[in-house]
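Chemist: The structure's right below; bear with me while I get my questions together.
What follows is the structure, encoded as C-alpha cells:
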C-alpha cells in the first residue's frame, strides 16, 4: 500500500515539475489534487517514514515531511508518549544517517522534531529540552562538519519554535502557552544553547584564513545562531497584553536585556574578544562579516539586570571600546563594514550614555574620541562623493549613524574634556564645509548633472540631507566663535562673486557665451552654505515651539562689547550693499545679524537679477534654499515672544524684536522677497508652491500676523491677489496665499483696520463670483476656456479662505462663505462633465467640513449639511448608470467617490468634536451628523460597484465610514430603508471575505456593534434582527475554516460572541450540523467535547467580564479545533 502511494506521488511530482510545454493543465490539476489529498491522510506516520526512506524524489520527501508536521499537530493528543518518542528519535536518526538530503527536506524534518520537543516540554514539564540539547551537544563537539551542520540546523529550529508567539509555527498551543514555553526555555535552556554556540565558534576561530567553502557554511550557521540568541526578545517579568508583546516582537533588533543568570557569560571579557577576533577572521568575506557586525550591534545594547551594577556596565563598556579601537586601528574599513560599524557605535552611545563613557580611563577616552572624529571626517568625505551617485549610498548612511552617536555626546558635553570636544567639533565642521565647497576652499568634485536633471532624479536636498545638516548645525553651535565668522566670510565672498558674474553677463548681453560652469559652481556653494547656516542658526523640532538656540543668544551676549548697534542695523537694512562697504561694519557688526544679512543680500541679488530678466542664469535650487532659510529664520527670530526666554541678546531684540522698527522692516523685507518670487519666478511650480507655503508659515503667528498689515509688501500682495495677478500660479500656491492673507486678517487687533482689511480681501472675491454667476451669457459660455479658468481660480481662492478659517474669524467669514457654498452646488450641476472642476468643489467642502463644522452651531451646521447633500445628490443624478468608453473612467469615478466618502466621514466627526453651545436659534435645526452621513451614503451606494471597491484606499474609506456611523448611532443603522440595509449588509459580507485583514476587522467590528445593540435594545424579530442572522454562519465558518491571524481571530471571537447572544438557537443548529458532517467518528467526538467545554461556562451576558472570558476560552477552543480540522 505504502509503495503504491509513493509511486503515485512520484509520478505526480514528475508532472508538476515538468516544463509547461510538456503537460497540459488537466494533468497538472490532477497531480495537484493527489498532493492535496495526501496532506489529509490520517495517522500517516509510518507511511511518511517509508516514503522518506525509499523515495528518490526530493519533492515527494518534502511533501512527506510537511504531512508529518501537519499530522503531529493535528493528532498530538491521540499519540501516546512512546509513539512520540519513537517518531522523534526515528526522524532525528534519519536526518543524521542521510547527510545527502536536500537542505529544504532536512530543515522541514528538523522543524517537526523541534515542534515535538516544544509540545513535550509544555505538557510534561520535564527536562525534555535539556536532554535533547545534550544529544545535540554531542553533534556540535563531534568534529565532523556534517554532523555539526545538522546540529546547528537543530538549534536554529529550536530557537525559531521557542523565540516568540509571532514567529513560531502553529503547534496547537494558545498564545499564553507559547509565551510560557518561551519564558521557561529562556530561563533554563537558552543560555546553555548559546554556550554550545560559543564553543563551536571558538573552535572555528582557530581556522587559519582563507576559509574553505565548507567551513564558511558552518561558520555562517554558528554565527546565525549567535545572532538569533543576541536578538532574543527576553520576556518581561509580568505577562504583557498581546498587542504590546506583538509590538516588542516586531522590532528587528531588540535591545539585548538578558536576566541576571547571564552575568557570567557577558561579564567575561573573552566573549567580546571572541566576536572581535571572529570579525577579523572573516573580514574579507562580506557575507560572514554581515553576521559578525550584527552580533556587535546587539552586544552594544547590553542592558537590564545582567549589568545592574554601574561598575559592571563600565567594565563591559571598557572592554567593548578597547576591542573596537583595536579594530578601527587595524587599517581602513571595508565599504561593507561602514554601515555596520557606524550603526554599532550609534547604538553603543544610546545604551551607554555620557555618564558611563566618561568613566573610561582618560587615555582610552581621548583615543576613542580622536578615532571617532577621524572616522566621522572619513565618512563625511566619502558621503559627499556619493551625493551624485545613483547606487546605494553606503557612506551617507554610515555618516548619519555616526552623527547620531555624536548627538548623544554633544547633548551631555559637560561630561567630556572641553578642549577635546571643541577640537573635534572644529575638525568635523571644517571637514564637512570643505567637502561641500568647490576648490580652492573645498574639495567638492564638479557634478555632471544639470540642475534640471537633478530635479527629476533626486529628492529635495533639504530633506535628503536634513539629519546630517542638523548634526553639523549642532557642531557649529558649540563653536560659534569659529563657525559663524567662517560662514559669513564664505557667504559674502560667494555672493560678491555671483553678483559680479551676473553683472558681467548682463553687460555682455549680445556676446555668445554659453559657459555657465562658474555660475553653477557658485550656486552649488551658496546652496550648501545657506543650508548649513540655516541649520546652525536654528533648531526646529516638530511639535515644539521654535526658539532661538541658547548657544546663539550667549554668543551674541559675549560679542556685545565689540558690537555697534547702529552699524549692525545699517548692515541689516542694506541688502543692496556689501557689508564691507559700510563704515565700521568689519569690526563692529554682530556676527549673527551679519550672517542673516548675508542671506538677505543673496535674496536681493536674486531679486534684482529676476527684475533684469536674468532668470535663466539663476538657480531655482538656490532660490528654494533661500525660501527655506527665510521660513526657518522667521519662525525662530522674527518678532520673538521674549517671555519664552530666560536670557536674551539685546542686539537680537533690537534687530528682530516685535516692538522695533528694524523688526518691522525685516518682516516687510521677508514678505516682499516671498511676494517677488510669486510674481517673478512663476515658471518654477515647485518654487512657487514652497514660497506660498513659507508665506503661510511666516504669517501664522499672532505677532507677525498683526504687524504684517503695516507692511507695504503685504498690502501690495493683497492688491495683486485681488486683481488676479496670481491667476496662473499652481493650485496649491493660490490656496496658501489666500490662507496666509486670512491669517493676517484674523491676527489683526484693531477693529476698524480689520474690517477694512476683510473688505479689501474678500469683496473682490465676492464680486468676481457674482460677475460669473449672474452673467446672462454664463449658461452659454461656461464651457469656454476663459470662463473655466476664471471659475477654477475662484474655487481655488475660496478653498484657501476656507482653510484659513478658525473659531476666531468665523463670524467675519461665514456671511461671505455660505452664499458661495450655495453657488458651488450650482456649479457642480453645470460642470458635471468637467471632472477637474467637480473635484475642486468636492475639496472645498472637505476642507469646510474639517475646518469649520466643529465650530458651527446647529443652525450653521444645517446650512453646510444641506449644501453637501445637495451637491452629492446633483453628482449622483449625473453619474448614476453613466457609461464611458474612456479607459480612465473607472479611475476617475473612484477618485470622485473617495473624496465624497472623505467628506461624509469629516461631516460625521461633528458628533465627536463639537465646540459651540446650543442656542435658542437651534431649536428648529436639530439634525445629527450621522443622519447626514447615512443619507449621503444612500445616494452614493448605488454607484458603488465591486470593481470600485477593488481600489484599496476607497475600500478602506468606505468601511471606515460605515463603522464610524455604526459606532456613533447604531440605532440609525437599524432604521434605514430595507433596500439600503440590504446593500449595506451585502457590502459587509463582501468585505469579510474578499479584501485585506484590515477591512475584515472593520466588518467584524460593524457586526459586533450592531449585534450588541440589537441584544441590548431587545430588537428580536425586527427586520434588522432577521437581516443580520446569516452572518452568524458566515463568521462561524470563517473562524473555523479560514487561516486568520491572531488579531483577526480575536476580533472574530468578539463578533461571534455578540451574534451567539442574539441567535442562540441558530448557533446550536450550526454546531450540530458541523459535528454531523464529520465522516470520522473520532473527529466528531472531539468536536463535540470541544464545543461542550466552550459552552459550559458561557453566560451570554454582555458585561465586559463575560466577553473577556469567552475570548480567552474561545482561543483555547479554536487552537485545538483548527488543529484536527486540518486548518493551517
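Residue numbers (our numbering): 43 to 1170. For every residue, glycine included, the Cβ atom is placed at its ideal position computed from N, Cα and C.
(1) For residue 294, which residues in the same chain have their Cβ closer than 7 Å to its Cβ, ignoring the five residues on either side in sequence?
(2) Restricting to runs no shorter than 4 residues, where is the alpha helix (DSSP H) found entirely within the region 58-89?
(3) Over the uninterrupted alpha helix (DSSP H) stretch that includes residue 806, give me the two end residues.
(4) From which residue to which residue does the alpha helix (DSSP H) around residue 179 run?
(5) Please classify residue 300 as buried or exposed, where buried requires at least 16 other C-beta atoms within 10 Å of its C-beta.
(6) Report yes or no: do the region 342-361 and the region 393-401 share at least 3 C-beta pairs separated by less than 8 Å?
(7) Going by alpha carbons, who is nearest to residue 1113 out of 1077, 1096 and 1141?
(8) Nearest-angstrom Cα distance between residue 793 and residue 897?
(9) On a CA-only basis, which of 1152, 1124, 1035 and 1137 is nearest residue 1092? Give me that one, please.
(10) Rounded to the nearest angstrom, what separates residue 48 and residue 81 at their Cα positions?
(11) Entirely within the region 84-127 and at least 4 residues each: give me those alpha helix (DSSP H) ranges in chain order.
(12) Name the two residues that bound the continuous alpha helix (DSSP H) containing residue 274.
(13) Give the DSSP-derived three-state secondary structure of residue 1065 in the structure shown.
(14) Got a sec? Which residues, its chain only, sit under 7 Å from residue 981 by beta carbon, not counting five neighbours each side?
(15) Alpha carbon to alpha carbon, how far is residue 618 from residue 768?
(16) Whose C-alpha, out of 872, 46, 1135 and 380, is nearest the C-alpha of residue 423?
(17) From this set, 132, 533 and 625, which residue's C-alpha is nearest residue 574's C-alpha?
(18) Checking 7 Å against the spacing of the C-beta atoms, do residue 840 and residue 872 come in under that value?
(19) Within a Cβ cutoff of 6 Å, which residues of the same chain sit near residue 189, ignoring the five residues on either side of it in sequence?
(20) Going by C-alpha distance, which of 678, 663 and 747 is nearest residue 726?
(21) Pick from 471, 120, 852 and 149: whose alpha carbon is nearest that of residue 133?
(22) How many whole angstroms separate the CB atoms of residue 474 and residue 521, which I take to be in contact at a CB cut-off of 8 Å?
(23) What would DSSP say about residue 874, mapped onto helix, strand or coil?
(24) Quick one: Cα of residue 905 to Cα of residue 971, how far?
(25) Hey, residue 361 and residue 399 are a contact pair by Cβ (cut 8 Å); roughly how many whole angstroms apart?
(26) Find out if the Cβ-Cβ distance for the pair residue 729, residue 723 is shorter than 7 Å.
(27) Taking 6 Å as the limit between beta carbons, can you name the residues of its chain near residue 993, skipping five residues before and five after?
(28) Do you know offhand how far residue 1053's Cα is from residue 762's?
(29) Out of 900, 706, 942 and 938, which one is the CA nearest neighbour of residue 910?
(30) Going by other Cβ atoms of all chains shown within 10 Å of its Cβ, with 16 needed for buried, is residue 600 buried or exposed?
(31) Roughly how many angstroms separate the alpha carbons of residue 324 and residue 335, rounded to a whole number?
(32) Rounded to a whole number of angstroms, what is the C-alpha to C-alpha distance between residue 551 and residue 665?
(33) Could you give the DSSP three-state label for residue 590: helix, strand or coil?
(34) Here's the rule: buried if 16 or more other CB atoms are within 10 angstroms of the residue's CB, otherwise exposed. What is residue 777?
(35) Could you give the DSSP three-state label for residue 723: helix, strand or coil?
(36) Nearest-angstrom Cα distance between residue 192 and residue 237?
Modeler: Judging by the given coordinates:
(1) none
(2) 67-80
(3) 793-815
(4) 170-182
(5) buried
(6) yes
(7) Taking each of 1077, 1096 and 1141 in turn and checking the Cα distance to residue 1113, the smallest one comes out for 1077.
(8) Distance between the alpha carbons of residue 793 and residue 897: 22 Å.
(9) 1152
(10) 13 Å
(11) 87-96 and 100-116
(12) Note, residue 274: premise wrong, no alpha helix (DSSP H); not H, not E.
(13) helix
(14) 914, 915 and 918
(15) Looking at the two C-alpha atoms, the distance is approximately 27 Å.
(16) 380
(17) 533
(18) no
(19) 181
(20) 663
(21) Cα-wise, what sits closest to residue 133 is 149.
(22) Actually they are not in contact, since the Cβ atoms of residue 474 and residue 521 sit about 12 Å apart, beyond 8 Å.
(23) coil
(24) Distance between the alpha carbons of residue 905 and residue 971 is about 12 Å.
(25) 14 Å between Cβ atoms; not a contact.
(26) yes
(27) 936
(28) 59 Å
(29) 942
(30) exposed
(31) 11 Å
(32) 23 Å
(33) Three-state DSSP puts residue 590 in coil, outside helix and strand.
(34) By the 10 Å Cβ count, residue 777 comes out buried.
(35) coil
(36) 17 Å
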